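The opening position of the sequence shown corresponds to residue 3 in this note's numbering, with each subsequent residue numbered one higher.
The C-beta atom is built at its ideal place from N, Cα and C for all residues, glycine as well.
Given the structure is predicted, the values throughout are model-derived calculations rather than measurements.
In what follows, a structure is listed as structure tokens, so that the remarks can point back to it.
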Amino acid sequence: GDVESIASKNPRELAGLLEQISGSDELKGDYEKLEEQKARAEEKSALAYQKKRTIVSERKQKKEQKEEAEKHLRLQDQLKTVKKEHCLWQLWTIGDDIEKANDEIESDKRSRDELLQEVTDYEREASINKKEQAKYLKEIAQCEKKISERNSRLDKSQPELVKLKEEVSRINSKIKSSEKDLKKRKEEKKKHTDEIKKLQNDLHDLTRQLGELHEKVQDGGEKLQLADSQLETYHRIKEEAGMKTSKLRDEKEVQDRQQQADVEAQKNLEENLQQLDSRKQELELQEEQMQARLKKILDAVGKHKEELTRVRKEQREMKEKLGNSRRKYEMLKTKISEVENQLRELKADRYENERDVKLSEAVEALKSLFPGVHGRMTDLCRPTQKKYNLAVTVAMGKFMDAVVVEDELTGKECIKYLKERRLPPLTFIPLQSVRVKPITEKLRTLRGTAKLVFDVIQFDPALEKAILFSVGNTLVCDDLDEAKALSWSGERFKVVTVDGTLLTKSGTMTGGTSGGMEARSHKWDDKKIEGLKKKKEGFELELEELGSIREMQLKESEASGKISGLEKKIQYAEIEKKSIEDKLSKLKQEKNNIKEEIQHISPELHKLKSIITERASKILSLEKRINEIVDRTYKKFSESVGVKNIREYEENQLKAAQEMDEERFNLRNQQSKLKYQLEYEQKRDMDSRITKLESSLTALRNELQEVIAKEKELKSGMEKATDDIDHLKEEVKEWKSKSEECEKEMQEWRKKISNATTSISKLTRQLKSKETQIDQLNSRRQEILERCELEGITLPIISDPMDTESSAPNPDLDFNQLSRSHRQSTRPSQREKLEAEFTQKIGTLVSEIERTAPNLKALDQYEALLEKERVVTEEFDVARKEEKEIADMYNSVKQRRYELFMEAFNHISGNIDKIYKQLTKSNTHQLGGTAYLNLDNEDEPFLHGIKYTAMPPTKRFRDMEQLSGGERTVAALALLFSIHSYRPSPFFILDEVDAALDNLNVAKVAGFIRSKSCEGSWGNQDAEVGSGFQSIVISLKDSFYDKAEALVGVYRDSERSCSRTLTFDLTKYRES
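This is the structure:
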């Protein structure tokens, strides 16, 4: 088989192998059987114990129930006695209170009638004052209308005034500009006059120079003087020379004429070019000045446009702001009007009397001082619809002005505070201690318009007890017929109609017109009125923050005037800009023409210069040839005359004459130029422009005077309108003072009416309160009687011999059974004390009765449970005994199985490391590897697994599955040899256990087997690694089987068709 599988067994399989080897598996059946019996015995014992425990607990419970039943009957008798005494005392106090309330009602009715007459008189006086005030208000409205008209005129005049101011500014600016131009033109005229004078002087000088030159020519220089013969000879020679040079002289004369014409043409071209250059420079200067002017205009236009954009933006913002302000003004006026209408509807202008003010201040003070104070009922709740105001007021009665507090202690602190400050008394409702009856749900299902008053009130859920205490199960309906049907037919209910009529359970009905009750019902609107007043104040504050719309209109008008002025400035600048651009265009065109002429003249001049130069050289050549011929001809004559060269002499004389002619020509040219320039300057018109500017300046000044006159006239009109407005405001102030006086008088009458109305309301409330109190007392009396009847309490009655009926609705009770101290306790504090004592006694008894929760059948059940407890106890003892016997047997088998298993495990675990070291050690690793066994559970090792771990030399810890095949084979052999050492067998048969081993490990395994099986060592006992053994090994490796003592070979016999064996003894060949 595969020897590696032994080392690869899982922990549970390895534990099973060890159980087989140790023999503990023989006890496995007994162990499992006893374990099952033990579990059943323990379960049976636990059930018996639980049953016994249940019976004992039930017996104890029944015993307690028996004692509670006896106590319950005793407490019920005591409670009935206390309730009877309490009800009798309550009925006696109710009768006494009803009698006192009737007396107080009669007194209050007489006082109310007197106050009603006073209110009628006050209202008549107030009506007279109201008519006078209406007349004053009409006068105020007329004055305000006139003020509005004049303000409108002022608003319309303001933009015109701004425009006039801008026009004045524009005209002044234009006048300054014109004056500047006029000054400039005058300076130019002066310069022009000076220029003409200079030209005339220059012309005079040139004329004088020409005269002097003419005299010089007349005088002439000295000439050569010849004799007649010499002269004749000179002429002959001259004629001869002329003949010899005639042809050359004719050619030279032609060239001279052409040269003279070209020179004249060159001078003309040069003069033209010079004039064109001068004109070009003049044009460039004009263009530069115009460009500077244009730039200045463009900069001014840019600034004006930026200013115009800014002012337009400001005007647009101002318009938007003005529009928004007007819309907001109209909206706020509308809202204020709406709020005033609402206040009038709610009668918000009614005078709040001094007592109400004090009460309000007192409640606010209490809320700030004591955290548990919630506020007055009128502030904490309100009817869901306005039509229920009067009905809720009547239903609440005196509790409408009550103050809701958190607990009784807070209420006492508040009362103490009111007494110290001597403030009017208030009723306090403590939420924690107030007792209320729950809502009768069936009242919510009634047909018709009937509803619970509780359901038509809005309130915070935390205040539910206070609201329920105030209105109880009172119903509200729309008409009196429905209220009568609900209150007086069948089961009776307390019902109130929406017009304030109250129907009680006892059958009384209270109704009619009550100004005091209606006024009191308006208190529900106090919170809303206060909110509306604050809202109105907020709107009026916003209206004040808006500022004056008229000032915004004036600013907008100023902005419009600025825009108009800037637009005109831009318009004039654009016109001037266009004029300059046109002039620049003409200058540019003229410059281009001059450039074209210069470009046309320059090549001609250059060409003419080159021709003149070339011809001059030619003339010079001709002249030289002529001179040579003449010199040869005159040579002898010159010598005879005594002149070196007569030709040169004549030429010098001629040259002097020519120079004088040239000088005369130049002077005449200059004279003609000066004449032309003088004529041009004299023709220039310098006066028309100055005249035009002076007339324009005069027109502008006249226009300025007219605009200033208009501005003055407009200002005077505006001042007059302002004076009229001030005068009208004074009149309005006077009328308002008279109106305020009337208002004060009306306030006085209203105050008196309010005080009287408050007193009437107070008396009406008191009457209503007393009537409600009587109704409540009667209802309470009836409830007490009904409760006594329901609870079976028999009250003492004075028997009437004439009474034939068995029962009466209001029987005469015998109060003699009440103690004297109870009947004499008439003060509220004494009554409260007695009520508290009764309540405490009843509450104590009721709580004790509620705590008893008796079971009257407990006496019979108790005895039966005692017998049942005895039987269950015997069953429990038998089960405990049986459980102990089985547990002892189970522990004995478990201990024996544990000992057998641990004996084998300890032996194998002790030897496996030593055997593994022998199988793995070598010369390089003297210590060898490490192998050990671990138990998963040391208490019951046979039920769990054994972990086998082997670490070959130089290898770190790894699981068995991660070792190589050879390493697992060596580990498996070590485990087999360790098991063999515990229970040795006669011999081993090892079938190719070396298949996965290398030569080194084969040699180690072979050496180990040989050491244990050869030379009789199998018969010897080794304390460390077990006893020796015999072995039969099947192997194909010579390094393994060459260590054996004998070999057995198996081969196939072909002839016989079977296997045959050969044996070979190796002991003879063993090395010594």
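Assuming residue i is part of the alpha helix (DSSP H), what are its boundary residues?
| i | result |
| --- | --- |
| His729 | 689-793 |
| Arg1012 | 1001-1015 |
| His1 | Only positions 3 to 1074 of the chain appear in this structure, which leaves residue 1 out of reach. |
| Tyr1081 | Within the shown structure, residues of the chain are numbered from 3 to 1074, placing residue 1081 beyond reach of any answer. |
| Pro13 | 13-24 |
| Ser489 | 482-490 |
| Ser472 | 466-473 |
Using CA coordinates, which residue listed in the options is at the minimum distance from residue i?
| i | options | result |
| --- | --- | --- |
| Met379 | Ser370, Leu361, Leu371 | Leu361 |
| Lys2 | Lys740, Phe471, Leu425, Asp457 | The requested residue 2 does not occur in the structure, where the chain is confined to residues 3 to 1074. |
| Gln555 | Gln679, Leu156, Asp279, Leu296 | Leu156 |
| Arg318 | Lys537, Glu558, Glu242, Lys176 | Glu558 |
| Ile107 | Gln749, Thr766, Ile431, Lys193 | Thr766 |
| Ile198 | Asp1040, Ser771, Arg686 | Arg686 |
| Leu477 | Ser491, Asp457, Gly492 | Asp457 |
| Leu797 | Leu815, Arg782, Leu411, Asn780 | Leu815 |
| Glu1047 | Ser1061, Glu865, Asn174, Ser1015 | Ser1015 |
| Pro373 | Ile762, Glu415, Ile338 | Glu415 |
| Gly1009 | Glu322, Ser924, Glu791 | Ser924 |
| Thr95 | Val972, Arg782, Leu902 | Arg782 |
| Ile299 | Leu287, Glu190, Ser581 | Ser581 |
If you drop the 5 nearest sequence neighbours on each side, which residues of the same chain put their C-beta closer than 8 Å to that of residue i?
| i | result |
| --- | --- |
| Ile844 | Leu81, Val84, Lys85, His88 |
| Leu335 | A quick correction: the sequence has Lys, not Leu, at residue 335. The answer, listed in chain order, is Leu545. |
| Ser171 | Gly567 |
| Thr209 | Gln673 |
| Lys46 | Ala881, Glu884, Glu885 |
| Cys1060 | Arg1054 |
Pull up the CB-CB distance for residue i and residue j, whole angstroms please, since I reckon it's below 8 Å.
| i | j | result |
| --- | --- | --- |
| Val407 | Val375 | 5 Å |
| Thr922 | Pro943 | With a Cβ gap of about 27 Å, Thr922 and Pro943 do not count as contacting. |
| Gln778 | Leu90 | Rounded, the Cβ-Cβ distance is 19 Å, inconsistent with contact. |
| Ile469 | Pro385 | 12 Å between Cβ atoms; not a contact. |
| Lys40 | Ala889 | 6 Å |
| Leu935 | Ile914 | 6 Å |
| Ala974 | Ala9 | 4 Å |
| Leu730 | Ile149 | 5 Å |
| Val473 | Lys389 | Not confirmed; about 16 Å, so no contact. |
| Leu482 | Thr512 | Contact flag wrong, Cβ pair sits at about 12 Å. |
| Gln1032 | Phe989 | 4 Å |
| Val313 | Ala575 | Not really, about 16 Å apart at Cβ, beyond 8 Å. |
| Gly25 | Leu902 | 5 Å |
Report all residues from its chain with a CB closer than 7 Å to the CB of residue i; omit the five preceding and five following residues, and keep chain order.
| i | result |
| --- | --- |
| Ile23 | Ala906, Ile981, Tyr984, Arg985 |
| Glu308 | none |
| Lys467 | Leu433, Val436, Val438 |
| Ile917 | Ala976, Phe979, Ser980, Val1027 |
| Gln268 | Leu607, Leu610, Lys611, Ile614 |
| Val895 | Leu29, Asp32, Tyr33, Leu36 |
| Pro427 | Leu420 |
| Glu940 | none |
Looking only at its chain, what residues have a beta carbon closer than 6 Å to the beta carbon of residue i, apart from the 5 residues adjacent to it on each side?
| i | result |
| --- | --- |
| Phe840 | His88 |
| Thr506 | Lys496, Asp777 |
| Tyr1071 | none |
Does the CB of residue i have a neighbour CB from chain C at under 7 Å?
| i | result |
| --- | --- |
| Ala136 | Protein chain content of the structure displayed is limited to a single chain, and chain C is not contained in it. |
Which residues bound the beta strand (DSSP E) around residue i?
| i | result |
| --- | --- |
| Ala952 | 948-953 |
| Arg829 | No beta strand (DSSP E) holds Arg829; DSSP gives it neither H nor E. |
| Tyr390 | Element bounds for Tyr390: n/a, residue is neither H nor E. |
| Ile431 | 430-432 |
| Cys416 | It is not in any beta strand (DSSP E) - Cys416 instead sits in the alpha helix (DSSP H) that spans 410-423. |
Flag this pair as touching only if the stretch 60-78 and the stretch 854-869 have three or more C-beta atom pairs under 8 Å; answer yes or no.
yes
Would you check if there are 3 or more beta carbon pairs closer than 8 Å linking the stretch 271-286 to the stretch 597-606?
yes
Would you say the stretch 725-738 touches the stretch 114-134, given that touching needs at least three Cβ pairs under 8 Å?
Touching, no.
Are the stretch 712-721 and the stretch 162-179 touching, with three or more C-beta to C-beta distances below 8 Å?
Yes, they touch.
Touch test, the stretch 577-594 against the stretch 256-264, Cβ-Cβ under 8 Å, three pairs minimum
Contact between the stretch 577-594 and the stretch 256-264 is not established, with fewer than three Cβ pairs separated by less than 8 Å.
The stretch 737-750 / the stretch 203-217 touching (three or more Cβ pairs under 8 Å):
no
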